[in-house]
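A.B. asks: Okay, handing you the structure first.
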Amino acid sequence: GRSKKKLKSMRKIGVHTFVEVNEKINRTVLAMLKLSQLTTNICSFTHLIRYTGSLFFLKMTQRQYTG
Numbered sequence: 001g002r003s004k005k006k007l008k009s010m011r012k013i014g015v016h017t018f019v020e021v022n023e024k025i026n027r028t029v030l031a032m033l034k035l036s037q038l039t040t041n042i043c044s045f046t047h048l049i050r051y052t053g054s055l056f057f058l059k060m061t062q063r064q065y066t067g
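Written out as structure tokens, the structure is:
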């Protein structure tokens, strides 16, 4: 029954590595999905940043003028 034990441990290792690889693949897929979402949202994103940035800049300049 020695060879059976070895096979079991080998299978365990195999499953473990498979799970790890699967997790990595899932993570990369998720990251890619997030990236694609970001690229589609980037126009509105930059627009929002510009808008808030200009608002912030206006507030700062107003503060400077009022003292």
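In this note's numbering, the protein residues as written are 1 to 67.
We put the beta carbon where it would ideally sit given N, CA and C, even for glycine.
If you're wondering where the values come from, they're calculated on a predicted model, not measured in any experiment.
What number of angstroms, rounded off, separates the C-alpha of Q64 from the C-alpha of G53?
C.D. replies: When rounded, the distance between both Cα atoms is 16 Å.
A.B. asks: Quick one: Cα of I49 to Cα of F57, how far?
C.D. replies: So the alpha carbons of these two residues sit roughly 12 Å apart.
A.B. asks: Residues in its own chain within less than 7 Å of R11 by CB, not counting five upstream and five downstream?
C.D. replies: Excluding residues within five positions, none has a Cβ falling inside 7 Å.
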